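**Student:**
Number of protein chains: 2
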Amino acid sequence: MSDEKGVYTYAYPRPAVTTDCVIFGYDIKDGLSVLLVERGLEPYKGCWAFPGGFLKMDETADACARRELEEETSLSLGEESNLLAQLGCFSGVDRDPRGRVITIAYYALVRKAEVRGGDDARAARWFPIQAVPQLAFDHELILRTALKRLKEDIHFKPVGFDLLPATFTMPQLQNLYESILEVHFDRRNFAGKMLKLGILEATGERPAGTPRSIPVSYRFKRDRYREMKAAGFKLEF
Amino acid sequence: MSDEKGVYTYAYPRPAVTTDCVIFGYDIKDGLSVLLVERGLEPYKGCWAFPGGFLKMDETADACARRELEEETSLSLGEESNLLAQLGCFSGVDRDPRGRVITIAYYALVRKAEVRGGDDARAARWFPIQAVPQLAFDHELILRTALKRLKEDIHFKPVGFDLLPATFTMPQLQNLYESILEVHFDRRNFAGKMLKLGILEATGERPAGTPRSIPVSYRFKRDRYREMKAAGFKLEF
DNA sequence: CGGATATGCGTAAAAAATACACAAAAAATT
DNA sequence: AATTTTTTGTGTATTTTTTACGCATATCCG
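Order-wise, the sequence lines are chains A and B.
With the first letter of the first sequence counted as 1, position 53 gets the number 45 in the numbering used here; the numbers rise by one all the way through.
With the first letter of the second sequence counted as 1, position 227 gets the number 219 in the numbering used here; the numbers rise by one all the way through.
1) Within its chain, find whatever has a CB closer than 6 Å to the CB of B/G201; leave out the 5 residues flanking it on each side and keep chain order.
2) Among B/G23, B/R211, B/R31, whose alpha-carbon lies nearest the alpha-carbon of B/Q126?
3) May I have the straight-line CA-CA distance separating B/R103 from B/A97, to the nearest angstrom?
4) Please name the residue, chosen from A/L47, A/A8, A/L155, that lies closest to A/L76 on a Cα-to-Cα basis.
5) Just to confirm my understanding: we take A/L24, look at its own chain, exclude 5 residues before and 5 after, and list those with CB closer than 7 Å. What are they?
6) Applying the criterion that 16 or more other CB atoms from any shown protein chain within 10 Å of the CB defines a buried residue, is A/F160 buried or exposed?
7) Got a sec, what are the start and stop residues for the alpha helix (DSSP H) B/T195 sits in?
8) Anything in chain A within Cβ reach of B/G84, meaning under 9 Å, just list it in chain order.
9) Give every residue of the same chain whose Cβ lies closer than 8 Å to the Cβ of B/V93, excluding the five residues on either side of it in the sequence, and list them in chain order.
10) Given a limit of 7 Å on CB to CB distance, which residues of the region 76 to 104 of chain B reach chain A?
11) Rounding to the nearest angstrom, what Cα-Cα distance links B/D50 and A/V85 in this structure?
12) DSSP state of B/I94, grouped into three classes?
13) Given a cut-off of 8 Å on the beta-carbon distance, is the pair B/A41 and B/H147 in contact?
14) Using only alpha-carbon positions, find the residue among B/L187, B/L165, B/K149, B/F229 that is nearest to B/R273.
15) With respect to the alpha helix (DSSP H) encompassing A/G152, which residues constitute its N-terminal and C-terminal limits?
16) With 16 other CB atoms within 10 Å as the buried threshold, where does A/P5 fall?
17) Let's see if you can read the secondary structure: which residues bound the alpha helix (DSSP H) around A/S231?
18) For a cutoff of 8 Å on Cβ pairs, would you count B/A200 as touching chain A?
19) Among B/T195, B/A128, B/K48, which one has its Cα closest to the Cα of B/R90?
20) Would you tell me roughly how many angstroms separate the C-alpha atoms of B/K140 and B/F229, rounded to the nearest one?
21) Step through the CB atoms of chain B and report whether any lies within less than 8 Å of the CB of A/P43.
22) First and last residue of the alpha helix (DSSP H) that includes B/T137?
23) Against chain A, which members of the region 6 to 25 of chain B pass a CB distance test of less than 8 Å?
24) Can a CB atom of chain A be found closer than 8 Å to the CB of B/K(-3)?
25) Would DSSP call A/D215 helix, strand or coil?
26) Using a cut-off of 8 Å between C-beta atoms, extract the partners of B/A3 located in chain A.
27) Hey, does B/M220 have any beta-carbon neighbour from chain A nearer than 8 Å?
28) Would DSSP call B/Q164 helix, strand or coil?
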């Protein structure tokens, strides 16, 4: 490993550089949730924070975020993931008691999966967005920024791809949008718009008996979505 | 100054951290332009690049970007500027021949003003966006990213505030939008939409003789714009 | 069994986007 | 100097999109 402990000297002072990951998940029961780890080391030992850690000299910030996420939560982000996006750099002078540390924050949307603590993280857990505990460092600011960004992104990117199970119903999809945007839609209009986008397909024929009040299952048409993304599409709500 | 040359040692290696500024300007003659400086030092000495430089230990990235911009181009960004936005962190492992250097890129829109080189910059100049020379480091990637971002932002923010002179005509405003988005609009529809937003006001009465083919001058209503921004508005094109 | 609730389907009204024609003044051309 | 071309402002009819809402049926729950 190229990052063995040693002594590194520079002519000018340098900040330490970390990455942090704001990972959103979703299920019907808890609504929108966020993934946190319990810190196993000082500072803020025992406090909850976003998974993340120091940048190594031979990896990009992107790679660092993925690595730290996997080490601390066992969650690995496939290259497929639509939304591993850079959220921004947080560079407040006093944001870390250890000294000058800047962080590059990322955020991603995933299907909620089992997570377990590891490495510097004593534990890893999903928290419903309404029940997030006090956070270490300036992570509350980072969370607010991520939520704001998510609300913007949802207008342009089909977030369901990443947050929902492979097949889902229209009411579920609507519930997802409503819980992120904190608004309510008329269900007929919502379904109409979604279907008109052409990125959904019904997963099975409705049983012959045409039962009505059991929802139809859909899945996303990945190919169709890719086409539309290339052409540049927009979701309006 | 806290950043005197000396020897700074750390237990783990650290990347150097810089900021770079992508500054867009606009005038009728050249259309959209970007501000570059000619590097006075190695590496890439004599090559054109974005103004920027190393982060000091007692300043945020934001402050660093503003400081370096002023030092190298004599351009100072008022706090009023709507669009000094973080563009993202560029962290390619080999992006700087001096070693590991990551940069936090910013971008801003300003009224084109006289600029002069200073500090590490031998010269500073505006380049029309179609005539940008070869750039140092990975600055071509940064420029592409900034242009993409600008095209997105224009849908939500009244970029004219920052790019146009205090008073301007409707054809000028339209020309600005057309040169950023690289499309053409019907002028009646464009004017109609713009006026309906309610953020413009005619600056003077049309002379009594009602001459037709001399454009009406407008100015932005800053107060009205602030209100709308708080309520969250959207420009469609 | 009966009432409350959820789902799908379709339509009428309102709002917005779009395409388009004309007259007058300025600018360019001859 | 006369003529043509370009530029600007104004308004309207048409199409498209968005929004609001009614209804029949099936499930859920006591």
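Cβ atoms here follow ideal geometry from the backbone N, Cα and C, with glycine treated the same way.
Predicted, not measured: the structure shown is a model, and the values here were computed from it.
**Tutor:** Judging by the given coordinates:
1) Within the second sequence, numbered from 1, the residue matching residue 201 of chain B stands at position 209. With a pLDDT of 49 at B/G201, under the threshold of 50, the predicted position of this residue should be treated as unreliable, and no value is reported.
2) For the purposes of this step, residue 126 of chain B is taken as residue 134 along the second sequence, with counting starting at 1. Here the closest residue by C-alpha is B/R31.
3) The residue you call residue 103 of chain B lines up with position 111 of the second sequence. The residue you call residue 97 of chain B lines up with position 105 of the second sequence. About 20 Å.
4) Within the first sequence, numbered from 1, the residue matching residue 76 of chain A stands at position 84. The shortest C-alpha to C-alpha distance from A/L76 to any of A/L47, A/A8, A/L155 is the one to A/L155.
5) Counted from its first residue, the first sequence places residue 24 of chain A at position 32. So the qualifying residues of the chain are F16, Y18, I121, S171, I172.
6) As a first step, residue 160 of chain A is located in the first sequence; it is residue number 168 there, counting from the start. By the neighbour-count rule (16 or more Cβ atoms within 10 Å), A/F160 is buried.
7) Here residue 195 of chain B refers to the residue found at position 203 when the second sequence is read from its first residue. It is not in any alpha helix (DSSP H) - B/T195 carries neither H nor E in the DSSP assignment.
8) Here residue 84 of chain B refers to the residue found at position 92 when the second sequence is read from its first residue. Those within 9 Å of B/G84 in chain A are T52.
9) Walking along the second sequence from the start, residue 93 of chain B turns up at place 101. The answer, listed in chain order, is P7, A8, V9, T10, R87.
10) Q78, G80, C81, S83, G84, V85, R92, I94, I96
11) Taking the first residue of the second sequence as position 1, residue 50 of chain B is located at position 58. Taking the first residue of the first sequence as position 1, residue 85 of chain A is located at position 93. One C-alpha to the other measures close to 6 Å.
12) Position 102 of the second sequence, counted from the first residue, corresponds to residue 94 of chain B. The answer is strand: DSSP assigns B/I94 an E or B state.
13) Numbered from 1 along the second sequence, position 49 holds the residue referred to as residue 41 of chain B. Numbered from 1 along the second sequence, position 155 holds the residue referred to as residue 147 of chain B. No. Outside cutoff.
14) The shown model of chain B, from -7 to 229, leaves out residue 273 of chain B, and the question about it has no answer.
15) For the purposes of this step, residue 152 of chain A is identified with residue 160 of the first sequence, where counting begins at 1. Per DSSP, A/G152 belongs to the alpha helix (DSSP H) from 152 to 155.
16) Position 13 of the first sequence holds residue 5 of chain A. Label assigned to A/P5: buried.
17) Residue 231 of chain A falls outside the range modelled here, since chain A spans only -7 to 229, and no answer is possible.
18) As a first step, residue 200 of chain B must be located in the second sequence, where it is residue number 208. Because B/A200 sits at a pLDDT of 48, beneath the cut-off of 50, its placement in the model cannot be relied upon, and the following sentence gives the value as read from the coordinates. So, not an interface residue.
19) As a working mapping, residue 90 of chain B is identified with position 98 in the second sequence. Among B/T195, B/A128, B/K48, the Cα nearest to that of B/R90 is on B/A128.
20) Mapped onto the second sequence, residue 140 of chain B falls at position 148. Mapped onto the second sequence, residue 229 of chain B falls at position 237. B/K140 and B/F229: Cα-Cα distance of roughly 16 Å.
21) Numbered from its first residue, the first sequence carries residue 43 of chain A at position 51. Judged by the 8 Å Cβ criterion, A/P43 is not in contact with chain B.
22) To locate residue 137 of chain B, count along the second sequence from 1; it is residue 145. Note, B/T137: alpha helix (DSSP H), 131 to 145.
23) R6, P7, A8, V9
24) Taking the second sequence and counting its residues from 1, one reaches residue -3 of chain B at position 5. Yes, its Cβ sits closer than 8 Å to a Cβ of chain A.
25) What you label residue 215 of chain A is simply residue 223 of the first sequence in a count that begins at 1. In this structure, A/D215 counts as helix in the three-state DSSP scheme.
26) Numbered from its first residue, the second sequence carries residue 3 of chain B at position 11. Here the neighbours are K(-3), G(-2), V(-1), Y0.
27) Mapped onto the second sequence, residue 220 of chain B falls at position 228. False, the Cβ-Cβ gap to chain A never drops below 8 Å.
28) The residue given as residue 164 of chain B occupies position 172 in the second sequence. Of the three classes helix, strand and coil, the one that applies to B/Q164 here is helix, per DSSP.
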